[in-house]
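Some notes on the structure that comes next.
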Amino acid sequence: DLESMLIEDWAGRVAGPTYLAENLRIARSTLQRWQQRGDVIALRKGGRKHVFPLAQFVDGRPVAGISDVLELIGNPRLAWLWLTRPAAQLDGR
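Be aware that the sequence shown starts at 32, since it is given in the working numbering, and climbs by one per residue.
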């Protein structure tokens, strides 16, 4: 059950907005806009805080296609699992 596991145990390295601003130079306003548009996967950690899997960013921008996956799957946790786990239907890719 994902709810009972630490996010880092199943999602890989994650970071909050402060880390992303300081290390990847992603402004909080940009991150918020991407989150509202569904361009990034934001995982709720605790009551209201969100963290972002670092693997979804390349050169300070979200990887193309995340919004398509989020639109189809809906749930950010399930979308991230689908993106990061091998699938039998895709020959383990």
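All residues carry an ideal CB built from backbone N, CA and C; glycine is no exception.
Residue i beta carbon near the ligand ZN (any heavy atom closer than 6 Å)
i, result
"residue 54", "Among the components of this structure there are no ligands whatsoever, and the ligand ZN is therefore not found."
C-alpha distance - residue i paired with residue j, whole-angstrom precision
i, j, result
"residue 51", "residue 60", "12 Å"
"residue 49", "residue 63", "12 Å"
"residue 103", "residue 54", "31 Å"
"residue 56", "residue 87", "15 Å"
"residue 90", "residue 43", "18 Å"
"residue 96", "residue 79", "26 Å"
"residue 106", "residue 67", "14 Å"
Spatial neighbours of residue i in its chain, beta-carbon cut-off 7 Å, leaving aside the 5 residues before and after
i, result
"residue 82", "38, 45, 46, 47, 74, 76"
"residue 100", "110, 113, 114"
Own chain residues within Cβ distance below 6 Å of residue i, not counting five before or after
i, result
"residue 98", "69, 70"
Expected contact under 8 Å - CB spacing of residue i and residue j to nearest Å
i, j, result
"residue 111", "residue 93", "With a Cβ gap of about 12 Å, residue 111 and residue 93 do not count as contacting."
Close Cβ partners of residue i (< 8 Å) along its chain, the five nearest in sequence each way excluded
i, result
"residue 65", "71, 93"
Cross-strand partners of residue i (DSSP beta bridge)
i, result
"residue 117", "In DSSP, residue 117 forms no bridge with anything."
"residue 75", "81"
"residue 68", "Answer by DSSP bridge pairing: none, since residue 68 is not bridged."
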